[in-house]
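Be aware that the sequence shown starts at 6, since it is given in the working numbering, and climbs by one per residue.
For each residue, glycine too, the CB sits at the ideal point set by N, CA and C.
Just so it is clear, the structure is predicted and the values come from calculations on it, not from any experiment.
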Amino acid sequence: PGEAIYAKMVVKKPGLEMDYTMSELDLSYPERYKGVDIPDAYERLILDCIRGDQQHFVRRDELRAAWAIFTPLLHAVDGGGVDMHSYPY
Numbered sequence: 006p007g008e009a010i011y012a013k014m015v016v017k018k019p020g021l022e023m024d025y026t027m028s029e030l031d032l033s034y035p036e037r038y039k040g041v042d043i044p045d046a047y048e049r050l051i052l053d054c055i056r057g058d059q060q061h062f063v064r065r066d067e068l069r070a071a072w073a074i075f076t077p078l079l080h081a082v083d084g085g086g087v088d089m090h091s092y093p094y
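Laid out in structure tokens, this is it:
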């Protein structure tokens with residue numbers, strides 16, 4: 006993926022007048038950090054695995070707890086036992 010943060014916003018121009026202008030916040034990693042080796046996302050993840058760092062992974066007991074919580078809810082939704090609310094967007 007191309008790592009970047011980019012946002013456009015309307016800001017007040019400096020000075021006493023109430024005048025506005027479009028401003029950009031652009032943090033494109035390859036442009037900002039030229040000459041720096043930026044590893045891919047999975048490259049870092051695999052390196053963490055090799056090092057034994059498990060903070061980015063779900064443990065077996067966490068996964069079982071999540072399924073214990075959500076399985077009854079999913080069955081209730083499938084069985085029509087839960088009223089679903091739609092919100093307009």
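Legend entry - Under 8 angstroms between C-beta atoms of residue 47 and residue 8: no
Legend entry - In chain order, each beta strand (DSSP E) run of at least 3 residues that lies wholly inside the segment 17-76: 25-33
Legend entry - Distance, residue 11 Cα to residue 42 Cα: 21 angstroms
Legend entry - C-alpha distance - residue 19 paired with residue 29, whole-angstrom precision: 16 angstroms
Legend entry - For residue 25 and residue 39, the rounded distance between their alpha carbons: 32 angstroms
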